[in-house]
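J.:
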Amino acid sequence: MRYVPDTSVIINGKFYEVIESGGHEVIIPESVISEIEAQANRGLMIGFTGLRELEKIRSLEREGRIKITFYGKRPERWQIERAKSGEIDDMIRLVALENGATLVTSDFVQASIARVKGIDVLYIETKRGPSIKIEDFFDDETMSVHLKANTKPLAKKGAPGRFKLAEISDKILDYSSLEEIAMDIIERARGDENSYVEIEMKGVTVVQLREYRIVITREPFSDGIEITAVRPIAKFSIDHYGLDERLLNRLRETTRGVIISGPPGAGKTTFAQALAEMYSSLGKIVKTIERPRDLQVRDEITQYTALEGSMEKTGHILLLVRPDFTIYDEVRTSEDFQVYADLRLSGVGMVGVVHATRPVDAIQRLIGRIELGMIPQVADTFIHIESGGIKSVYYLEYTVKVPSGMREQDLSRPVIEVRDFYNNSLEYEIYSFGEQVVVVPVKGERNRVYELAESKIHDMIKRHIGQVFRVEITSLSSMSLYVPKERIPEIIGKGGENIENLERLIGLHIDVLPMQEEAREKVPLMVQRKKDLIYLIASGEYGGKEGAVLADDEVLFSGILSRDGIMKIKRNSQQGNSIMKALEEGKRIYFKPW
1 MRYVPDTSVI INGKFYEVIE SGGHEVIIPE SVISEIEAQA NRGLMIGFTG
51 LRELEKIRSL EREGRIKITF YGKRPERWQI ERAKSGEIDD MIRLVALENG
101 ATLVTSDFVQ ASIARVKGID VLYIETKRGP SIKIEDFFDD ETMSVHLKAN
151 TKPLAKKGAP GRFKLAEISD KILDYSSLEE IAMDIIERAR GDENSYVEIE
201 MKGVTVVQLR EYRIVITREP FSDGIEITAV RPIAKFSIDH YGLDERLLNR
251 LRETTRGVII SGPPGAGKTT FAQALAEMYS SLGKIVKTIE RPRDLQVRDE
301 ITQYTALEGS MEKTGHILLL VRPDFTIYDE VRTSEDFQVY ADLRLSGVGM
351 VGVVHATRPV DAIQRLIGRI ELGMIPQVAD TFIHIESGGI KSVYYLEYTV
401 KVPSGMREQD LSRPVIEVRD FYNNSLEYEI YSFGEQVVVV PVKGERNRVY
451 ELAESKIHDM IKRHIGQVFR VEITSLSSMS LYVPKERIPE IIGKGGENIE
501 NLERLIGLHI DVLPMQEEAR EKVPLMVQRK KDLIYLIASG EYGGKEGAVL
551 ADDEVLFSGI LSRDGIMKIK RNSQQGNSIM KALEEGKRIY FKPW
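In the working numbering, the protein residues as written are 1 to 594.
1) Could you compute how far the alpha carbon of residue 236 sits from the alpha carbon of residue 296?
2) Could you tell me if residue 8 is buried or exposed, where buried requires 16 or more neighbouring beta carbons within 10 angstroms of its beta carbon?
3) Can you confirm whether the region 369–387 touches the region 261–269 when touching is taken to mean that 3 or more C-beta pairs between the two stretches lie within less than 8 Å?
4) In this structure, what does DSSP give as the bridge partners for residue 508?
5) Taking all protein chains shown into account, do 16 or more other C-beta atoms lie within 10 angstroms of the C-beta of residue 64, making it buried, or fewer, making it exposed?
6) Thinking C-beta only, is residue 256 closer than 8 Å to residue 399?
7) Apply the 10 Å Cβ neighbour rule to residue 469 and answer buried if 16 or more other Cβ atoms are within range, or exposed otherwise.
8) Once DSSP output is grouped into helix, strand and coil, what is the label at residue 445?
9) Give the secondary structure of residue 1 by DSSP, where H, G and I count as helix, E and B as strand, and everything else as coil.
10) What first and last residue would you give for the beta strand (DSSP E) that runs through residue 361?
11) When the Cα atoms are used, what is the spatial distance from residue 584 to residue 402?
12) Identify whether residue 422 lies in helix, strand or coil by the three-state DSSP scheme.
13) Are residue 341 and residue 370 touching if we call contact CB-CB under 8 Å?
14) In terms of alpha-carbon separation, which member of 488, 392, 504, 424 lies closest to residue 457?
15) Which residue wins for smallest C-alpha separation from residue 324, given the options 345, 94, 91, 54?
16) Terminal residues of the continuous beta strand (DSSP E) containing residue 382?
17) Closest to residue 286 by CA distance: which of 240, 83, 349 is it?
18) Are the Cβ atoms of residue 238 and residue 214 separated by less than 8 Å?
19) Following the continuous beta strand (DSSP E) through residue 526, name the residue where it begins and the one where it ends.
20) Are the region 134–154 and the region 4–21 touching by the rule of at least three beta carbon pairs closer than 8 Å?
21) Roughly how many angstroms lie between the CA atoms of residue 427 and residue 363, to the nearest whole one?
22) Taking the Cβ atom as the reference point for each residue, do residue 212 and residue 229 lie within a distance shorter than 8 Å?
23) For the 8 Å Cβ check, are there 3 or more pairs between the region 301–317 and the region 353–363?
24) On a Cα-Cα basis, can you pick out the residue from 510, 269, 495 that is closest to residue 461?
25) Less than 8 Å between the beta carbons of residue 326 and residue 307, yes or no?
26) If you measure between the beta carbons of residue 558 and residue 548, is that distance less than 8 Å?
27) Using C-beta distances below 7 Å, list every residue in its chain close to residue 442, excluding the 5 sequence neighbours before and after it, in chain order.
28) Less than 8 Å between the CB atoms is what I'm expecting for residue 2 and residue 101, so what's the real figure, rounded?
29) With distance defined between alpha-carbon atoms, name the residue in 45, 305, 533 nearest to residue 221.
30) So, residue 592 versus residue 550, is the Cβ gap smaller than 8 Å?
31) Under 8 Å: do the region 117–126 and the region 9–29 share three or more Cβ pairs, one atom per stretch?
32) Is it the case that the Cβ atoms of residue 485 and residue 524 are separated by a distance below 8 Å?
33) Which residues mark the beginning and the end of the beta strand (DSSP E) in which residue 296 is found?
34) Mind checking whether residue 96 and residue 119 have CB atoms under 8 Å apart?
35) Can you name the residues that DSSP bridges to residue 399?
36) Considering only their Cβ atoms, is the gap separating residue 376 from residue 397 smaller than 8 Å?
Right under this line is the structure:
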């Protein structure tokens, strides 16, 4: 019998079953080889499966059981670009027609067109699945299944936020078993109207198989084939969460920007689904933006994904659709935050899902991506989920005030207040501090001002007064700036102009004090000159300390000793020149720790 296979029947393994009995002539179109090669080069699983099937077919010829001929031309670029329109399928049919062969296919449309053209067809419907399906690894308590070649299957069992990882079989899965499961997943997704292949890239395939979200990875992306399948094990109505009536009214009576945060597996998506169902039941037009689309929502709610790979394009379409509420799962990249903001500022009620271990972390993810003054307009309600329940709720208010801990009225500035929704207590303040935007805890934690003083204030002042100074925070609203005595008039300026400008920059009251007032011991330094470097060496007990380098009693500059008590200075630098000049004048070099 003379057969011409198409790509579908090679990849699903059915053609091998037809010819393994032997005595057949096989004509393989070059267009089939080209299509499988292209899929493998793109890292697609079906491409690698096709290559393995071709190797099996070739082994039958080596055994003398069949005869193989390659026929036809490789498709040109325009034919490849129109493959989905049937150009390559037409090339395969032409090979069968010219050779008087029977076309073997599992593609119903291909078989139908071939019969219309008078070509003999052997149509093999794909019915037999693998011995193990992905669903076989799940039970009522399983949240996710993790399969990898040459390991035992693992599963996370339990409820959101309270799950454990366990082995679900003593049998080690081999490579071929996983390939079989993966191909079954992809084939069923393409043939089921409620399933689809969401993402297909080199080494990665993401599939939504009904309620299962499945990620299949292989080389070169991962070190071997791996299948991860996630299924929602809980679907609750909003009543399940027992929301405070004030919060419920806030969520349903006005369009708002809501952020749902929490660690992985905490139940964020489950709560987002409950909100979507609530809005829909209230007669609102609800849409979702997801990548991948795995929210389990009623049919009235349309689920969108990235349009041509771009969430921005999806946002443009949503602005035309004008939904009342949009669920965005999940807001992760800068593009996601920008799309969320654009939709919210256009009047669409937004609910975004964000990964964050603390409620304030979700707020901080907006900083830098959205203009500070716009944040409360974009997102004003933050709901943090842990262990399947609501842990905390914050809301934002925008005001102009003197930040907590500061005193002078001229330090007032725009401040975003982060308040606890239930007791209205002020938890954090967000404002510009010099060149930085800071989130300052108002209570319960060490004030962020102190942390900024250690790393940021020093750098900010350095650009204005040079090298030799020391900063010491004395309260939430003031600091001391120690400088060489002779520089104090210069730093204060005429009528205090310079220091006032510096205070406005820093946001703190500054007391300028002479360094000499500090009664600390001077440590003699040994000076060694090697090539282009000067080594200032103190005893090891001073390792890691910061202080001033002096020539006799004159402060030259400030610096930090290494753990071994050594400071390296470039010989031709300003500091190096001052050291060399002092030595030429016969002065001793000292280190004065702060």
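Heads up, the beta-carbon is just placed ideally off N, CA and C, and yes, glycines get one too.
T.: Judging by the given coordinates:
1) Position 236 of the sequence shown, counting from 1, holds the residue named residue 236. Position 296 of the sequence shown, counting from 1, holds the residue named residue 296. Rounded to whole angstroms, residue 236 to residue 296 spans 11 Å at the Cα level.
2) As a first step, residue 8 must be located in the sequence shown, where it is residue number 8. By the 10 Å Cβ count, residue 8 comes out buried.
3) yes
4) In the sequence shown, residue 508 corresponds to position 508, counting from 1. According to DSSP, residue 508 bridges with nothing at all.
5) Here residue 64 refers to the residue found at position 64 of the sequence shown. Answer is exposed; the Cβ neighbour count stays below 16.
6) Taking the sequence shown and counting its residues from 1, one reaches residue 399 at position 399. Taking the sequence shown and counting its residues from 1, one reaches residue 256 at position 256. Cβ distance not < 8 Å, so residue 399 and residue 256 don't count as in contact.
7) By 1-based counting over the sequence shown, the position of residue 469 is 469. Buried, because 16 or more other Cβ atoms sit within 10 Å of the Cβ of residue 469.
8) Position 445 of the sequence shown, counted from the first residue, corresponds to residue 445. Any reading at residue 445 is ruled out, since the residue's pLDDT is 45, under 50, leaving its predicted position unreliable.
9) For this step, residue 1 is matched to residue 1 along the sequence shown. Reduced to three states, the DSSP call for residue 1 is coil.
10) Counted from its first residue, the sequence shown places residue 361 at position 361. Here residue 361 belongs to no beta strand (DSSP E); instead the alpha helix (DSSP H) covers 359–364.
11) The residue you call residue 584 lines up with position 584 of the sequence shown. The residue you call residue 402 lines up with position 402 of the sequence shown. In a straight line, the C-alpha of residue 584 is about 52 Å away from that of residue 402.
12) Reading the sequence shown from its first residue, position 422 is the one you call residue 422. It is coil, neither helix nor strand.
13) In the sequence shown, residue 341 corresponds to position 341, counting from 1. In the sequence shown, residue 370 corresponds to position 370, counting from 1. The Cβ-Cβ distance between residue 341 and residue 370 falls below 8 Å.
14) As a first step, residue 457 is located in the sequence shown; it is residue number 457 there, counting from the start. Selected option, being the one with the closest Cα: 504.
15) Walking along the sequence shown from the start, residue 324 turns up at place 324. Measuring from the Cα of residue 324, the nearest candidate turns out to be 345.
16) As a working mapping, residue 382 is identified with position 382 in the sequence shown. Element bounds for residue 382: 381–386.
17) Start at 1 with the first residue of the sequence shown, and residue 286 comes out as number 286. Answer by Cα proximity: 349.
18) In the sequence shown, counting from the first residue as 1, residue 238 sits at position 238. In the sequence shown, counting from the first residue as 1, residue 214 sits at position 214. No Cβ-Cβ contact shorter than 8 Å links residue 238 with residue 214.
19) Locating residue 526 in the sequence shown gives position 526, where the first residue counts as 1. In the DSSP annotation of this structure, the continuous segment of the beta strand (DSSP E) that includes residue 526 starts and ends at 526–530.
20) no
21) As a working note, residue 427 is residue 427 in the sequence shown. As a working note, residue 363 is residue 363 in the sequence shown. Going from the Cα of residue 427 to the Cα of residue 363 covers about 12 Å.
22) Position 212 of the sequence shown, counted from the start, is the residue given in the question as residue 212. Position 229 of the sequence shown, counted from the start, is the residue given in the question as residue 229. Closer than 8 Å, so yes.
23) Judged by pairs of C-beta atoms under 8 Å, the region 301–317 does not touch the region 353–363, as fewer than three such pairs exist.
24) Translated into positions along the sequence shown, residue 461 becomes position 461. The shortest Cα separation from residue 461 among 510, 269, 495 belongs to 510.
25) Looking up residue 326 in the sequence shown gives position 326. Looking up residue 307 in the sequence shown gives position 307. No, these two residues do not count as a Cβ contact at 8 Å.
26) The residue given as residue 558 occupies position 558 in the sequence shown. The residue given as residue 548 occupies position 548 in the sequence shown. Yes, they are a contact pair.
27) Position 442 of the sequence shown holds residue 442. Result list for residue 442: 404, 426, 427, 428, 429, in chain order.
28) Within the sequence shown, numbered from 1, the residue matching residue 2 stands at position 2. Within the sequence shown, numbered from 1, the residue matching residue 101 stands at position 101. That belief holds up - the Cβ atoms of residue 2 and residue 101 are roughly 4 Å apart, short of 8 Å.
29) Here residue 221 corresponds to residue number 221 of the sequence shown, with the count starting at 1. The option with the nearest alpha carbon to residue 221 is 45.
30) Residue 592 sits at position 592 when you count from the first residue of the sequence shown. Residue 550 sits at position 550 when you count from the first residue of the sequence shown. Going by C-beta atoms, residue 592 is nearer than 8 Å to residue 550.
31) yes
32) The residue given as residue 485 occupies position 485 in the sequence shown. The residue given as residue 524 occupies position 524 in the sequence shown. No, the pair does not count as a contact, with Cβ atoms beyond the cut-off.
33) Along the sequence shown, read from residue 1 onward, the residue named residue 296 stands at position 296. Premise fails: residue 296 is in no beta strand (DSSP E) and is neither H nor E.
34) Position 96 of the sequence shown, counting from 1, holds the residue named residue 96. Position 119 of the sequence shown, counting from 1, holds the residue named residue 119. Contact check for residue 96 against residue 119 passes: the beta carbons are separated by less than 8 Å.
35) Here residue 399 refers to the residue found at position 399 when the sequence shown is read from its first residue. Partner(s): 415.
36) As a first step, residue 397 is located in the sequence shown; it is residue number 397 there, counting from the start. As a first step, residue 376 is located in the sequence shown; it is residue number 376 there, counting from the start. Yes, the Cβ-Cβ distance between residue 397 and residue 376 is below 8 Å.
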